[in-house]
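A.B. asks:
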Amino acid sequence: MAGILKPSCGVAVVFGGSRGIGAACARVLAQEGWKTVAVAKHSENLQWISEQAVNGKTLYGEVCDVSDDDSIKTTVKAIEDTHGPIHILVNSAGIMLNKLLVQSSNVEIQSVVTTNLLGTIYTSRAVLKHMLRRKAGSIVNVGSVIGRHGNAGQCVYAASKAALGGFTKSLAKEVASKNIRVNMVSPGLIATDMTSGVNFSAIKPKITMGRIGQADEVARVIHFLATKASYMTGQDVPVCGGLTMRM
Numbered sequence: 001m002a003g004i005l006k007p008s009c010g011v012a013v014v015f016g017g018s019r020g021i022g023a024a025c026a027r028v029l030a031q032e033g034w035k036t037v038a039v040a041k042h043s044e045n046l047q048w049i050s051e052q053a054v055n056g057k058t059l060y061g062e063v064c065d066v067s068d069d070d071s072i073k074t075t076v077k078a079i080e081d082t083h084g085p086i087h088i089l090v091n092s093a094g095i096m097l098n099k100l101l102v103q104s105s106n107v108e109i110q111s112v113v114t115t116n117l118l119g120t121i122y123t124s125r126a127v128l129k130h131m132l133r134r135k136a137g138s139i140v141n142v143g144s145v146i147g148r149h150g151n152a153g154q155c156v157y158a159a160s161k162a163a164l165g166g167f168t169k170s171l172a173k174e175v176a177s178k179n180i181r182v183n184m185v186s187p188g189l190i191a192t193d194m195t196s197g198v199n200f201s202a203i204k205p206k207i208t209m210g211r212i213g214q215a216d217e218v219a220r221v222i223h224f225l226a227t228k229a230s231y232m233t234g235q236d237v238p239v240c241g242g243l244t245m246r247m
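Using the UniProt record's numbering, the first residue of the sequence shown is number 1, and each one after it goes up by one.
1. Using a 10 Å radius around the Cβ and a threshold of 16 neighbouring Cβ atoms, would you call residue 144 buried or exposed?
2. Which residue or residues does DSSP assign as beta-bridge partners of residue 45?
3. Could you tell me if residue 167 is buried or exposed, where buried requires 16 or more neighbouring beta carbons within 10 angstroms of its beta carbon?
4. Taking 8 Å as the cut-off, does the region 60–71 touch the region 199–209 (at least 3 CB pairs, one atom from each stretch)?
5. Three or more C-beta pairs under 8 Å: does that hold for the region 185–192 against the region 132–144?
6. In three-state terms, what does DSSP make of residue 40?
7. Report yes if the C-beta distance between residue 108 and residue 11 is below 9 Å; otherwise report no.
8. Using 9 Å as the threshold, is the C-beta distance between residue 28 and residue 216 below it?
9. Going residue by residue through the region 133–196, where are the continuous beta strand (DSSP E) segments of at least 3 residues, counting only ones entirely within it?
10. Just to confirm, is the Cβ distance from residue 40 to residue 17 under 9 Å?
Structure below.
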């Protein structure tokens, strides 16, 4: 069926693949047979790749700063030259800022917006130039339920993730005719190092399923959107245990 991507198609690349949802996604894609490249800003954060053998040698690491457009272009070209055509792009690089807006510095605001929003725009543009030539590919962006509903103390983070929603829908419309799909997942409260300081007990009652999600559960949805969701594009899929029903 047209639109379904199989491991034989090419390479899957996960930006922000060193930890949390990104690392889980890289593992899942590799387990499903994809030659997968996990990309992170610092090489030491990719040590887990050599420590955890996943499906032979189908998982690799690359270093790239998503705030640097030149770094992204160089990395994407290196991946294409070394590993093959990129057919799946997962944009999972992101940072949190838990501060009231009036307490947030310009540097902090710029860092969040650059990493969470501009980084995704830059990586998508770089990879799309290759996908468009082949007229095939799938992009999945990682948003947040905070971007959908907002949260006090997370104005800047919410803004960066909300903007991803508009970017995802607009890009989906731009490239649909080229057999390229663009979707987004919006995780709720997921047990990762980014949420390690969160008071889970206070939030659990708001989650319909009554528990915290695991990174692997989000990764499985990303895998579906990237590979098998042949008639889905421009969609924002919440993976939150029903949290959005009570927000």
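From the three backbone atoms N, C-alpha and C, an ideal C-beta is built for every residue, glycine too.
Keep in mind the model is a prediction, meaning the values are calculated, not measured.
C.D. replies: To lay it out plainly:
1. buried
2. None; residue 45 has no bridge partner.
3. buried
4. no
5. yes
6. strand
7. no
8. yes
9. 137–142 and 180–187
10. yes
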